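Participant:
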Amino acid sequence: MTVFEVLYGSQLVWESREYRRFRELESLAAKPKKRKEMQEKADRKKGI
491 MTVFEVLYGS QLVWESREYR RFRELESLAA KPKKRKEMQE KADRKKGI
């Protein structure tokens, strides 16, 4: 393997790890919003 292949391969591994972490954080941030929307919908159905 050339130096370029080694560096490029390690860069891809790092990027995929960072991308997974980003997606995980994004999904965690979306959960409270979704929960709030569900609660508002339930409140509208109750007629509060």
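According to my numbering, the stretch in the sequence shown is residues 491 to 538, in order. The beta carbon of each residue, even a glycine, is placed where N, CA and C say it ideally should be. As the structure is a prediction and not an experimental result, all values here were calculated from the model.
Out of curiosity, what's the CA-to-CA distance linking residue 535 and residue 521?
Facilitator: As a working mapping, residue 535 is identified with position 45 in the sequence shown. As a working mapping, residue 521 is identified with position 31 in the sequence shown. Rounded to the nearest angstrom, the two C-alpha atoms are 21 Å apart.
Participant: Rounded to whole angstroms, what's the CA-CA distance from residue 524 to residue 506? Just pull it up for me.
Facilitator: Taking the first residue of the sequence shown as 1, we reach residue 524 at position 34. Taking the first residue of the sequence shown as 1, we reach residue 506 at position 16. In a straight line, the C-alpha of residue 524 is about 27 Å away from that of residue 506.
Participant: Identify whether residue 499 lies in helix, strand or coil by the three-state DSSP scheme.
Facilitator: The count along the sequence shown starts at 1 and reaches residue 499 at position 9. Correct three-state label for residue 499: helix.
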